[in-house]
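In our numbering, the protein residues as written are 106 to 356.
For each residue, glycine too, the CB sits at the ideal point set by N, CA and C.
Structure, as structure tokens:
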Ligand SMILES: [Zn+2]
């Protein structure tokens, strides 16, 4: 069994992230991708990779202040994400504008993602890991699973009329408890990530920001194999691993 899994790992090995030309990051809320893969986005955009952000929801529920809740907050968060995206070198921000913590369905998100994958033809699509056992936020669960399904099934006209001859090489999960990729970044990329996260002022006061930066820095060092190195962690898979491959969680 172990030998078989080792073989499977080498057969299913994802291409190096440094060879990508176009990638899509699908996030449940404006700020999730900056927090979870901002340094990677900074590094890859510096290399000329075209990076598209898709925000599934409008972020309108991210407050305890009832006077801000709804459209007012959605507008603020769009502006915050625009500033953060500019710092990280994001090529384009795409908004699906589903209501934050709303009653939209996974299937509705999935068909939007299918349409965008067919149009942009990315090498890789990143999102939150829908298989993370302790994740309870419904927007995160729906986002991760709708993207995983879309990346696996986007050629089928049943999901959305039409098809595609393009092959997505990698599906990448962040916020994952099952990482298989420790992507090296430099201190300057982490600094850019923190600068980007700081733009989400509606979400973090100064004290929370400092705690978040401490956690993210320690995590980035903690997963690195060498002293004074930084990484961001992902579970990378070829989309074919997402259906009837019961060993996918071991890859
Ligand atoms: Zn979120």
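Review point. Do residue 266 and ligand 1 come close, with the Cβ less than 7 Å from some heavy atom?
Key: Here residue 266 is taken as the residue at index 161 of the chain shown, counted from 1. For ligand 1, not one heavy atom lies less than 7 Å from the Cβ of residue 266.
Check your understanding: In its own chain, which residues sit with a C-beta less than 6 Å from the C-beta of residue 209, not counting the 5 before and 5 after it?
Key -> Along the chain shown, read from residue 1 onward, the residue named residue 209 stands at position 104. So the list reads 203, once near-sequence residues are dropped.
Review point. If you measure from the CB of residue 137, is any heavy atom of ligand 1 nearer than 7 Å?
Key: On the chain shown, residue 137 is found 32 positions in, with the first residue counted as 1. Indeed, a heavy atom of ligand 1 lies less than 7 Å from the Cβ.
Check your understanding: Among residues of its own chain, excluding the 5 on either side of residue 201, which ones have a beta-carbon nearer than 6 Å to its beta-carbon?
Key -> Reading the chain shown from its first residue, position 96 is the one you call residue 201. Taken in chain order, the residues that qualify are 161, 217.
**Study point:** Complete alpha helix (DSSP H) runs within the segment 157 to 202 (minimum length 4 residues, chain order)
**Key:** 176 to 193
**Study point:** Cβ-heavy atom distance, residue 305 to ligand 1, below 7 Å
**Key:** Position 200 of the chain shown, counted from the first residue, corresponds to residue 305. Because no heavy atom of ligand 1 lies under 7 Å away, the Cβ of residue 305 does not count as near it: no.
Check your understanding: Just reading off the alpha helix (DSSP H) that residue 298 is part of, what are its end residues?
Key -> Position 193 of the chain shown, counted from the first residue, corresponds to residue 298. Segment 292 to 302, the alpha helix (DSSP H) holding residue 298.
Review point. Since residue 237 sits in a beta bridge, which residues does DSSP pair it with?
Key: Working through the chain shown from its first residue, we reach residue 237 at position 132. In the DSSP assignment, residue 237 forms no beta bridge with any residue.
**Study point:** Start-end ranges of the alpha helix (DSSP H) lying completely within the segment 203 to 287, minimum 4 residues
**Key:** Counting whole runs of 4 or more residues, the segment 203 to 287 contains the alpha helix (DSSP H) stretches 211 to 225, 243 to 258.
Exercise for review: Would you grab the beta carbon distance between residue 145 and residue 290 for me? Rounded to a whole angstrom, and I think it's under 8 Å.
Suggested key: One-based indexing of the chain shown puts residue 145 at position 40. One-based indexing of the chain shown puts residue 290 at position 185. Rounded, the Cβ-Cβ distance is 6 Å, consistent with contact.
Check your understanding: Helix or strand or just coil, what does DSSP make of residue 336?
Key -> Position 231 of the chain shown, counted from the start, is the residue given in the question as residue 336. Three-state DSSP puts residue 336 in a strand.
Practice item. Kindly indicate which residue of 184, 167, 295, 333 has the alpha-carbon position closest to the one of residue 142. Key: Walking along the chain shown from the start, residue 142 turns up at place 37. Taking only the C-alpha atoms, the option nearest residue 142 is 295.
Check your understanding: Are the beta-carbon atoms of residue 248 and residue 233 separated by less than 8 Å?
Key -> What you label residue 248 is simply residue 143 of the chain shown in a count that begins at 1. What you label residue 233 is simply residue 128 of the chain shown in a count that begins at 1. Result yes, Cβ atoms of residue 248 and residue 233 sit closer than 8 Å.
Practice item. Round the Cβ separation of residue 326 and residue 284 to the nearest angstrom and send it over; I've been treating them as touching at under 8 Å. Key: Residue numbering aside, residue 326 sits at position 221 when the chain shown is read from its first letter. Residue numbering aside, residue 284 sits at position 179 when the chain shown is read from its first letter. About 15 Å separates the two Cβ atoms, so there is no contact after all.
Check your understanding: Which residues does DSSP pair with residue 127 in a beta bridge?
Key -> Working through the chain shown from its first residue, we reach residue 127 at position 22. Bridge partners of residue 127: 155.
Check your understanding: Are residue 159 and residue 199 close, meaning C-beta to C-beta below 8 Å?
Key -> Residue mapping note: residue 159 aligns to position 54 of the chain shown, counting from 1. Residue mapping note: residue 199 aligns to position 94 of the chain shown, counting from 1. A contact, by the Cβ cut-off of 8 Å.
**Study point:** residue 322 - containing alpha helix (DSSP H), residue span
**Key:** Counted from its first residue, the chain shown places residue 322 at position 217. Note, residue 322: alpha helix (DSSP H), 311 to 327.
Exercise for review: Go ahead and pull the three-state DSSP assignment for residue 289.
Suggested key: Indexing the chain shown from 1 puts residue 289 at position 184. Reduced to three states, the DSSP call for residue 289 is strand.
Practice item. Please report how far the alpha carbon of residue 180 lies from the alpha carbon of residue 114, in whole angstroms. Key: Taking the chain shown and counting its residues from 1, one reaches residue 180 at position 75. Taking the chain shown and counting its residues from 1, one reaches residue 114 at position 9. Those two C-alpha atoms are separated by around 44 Å.
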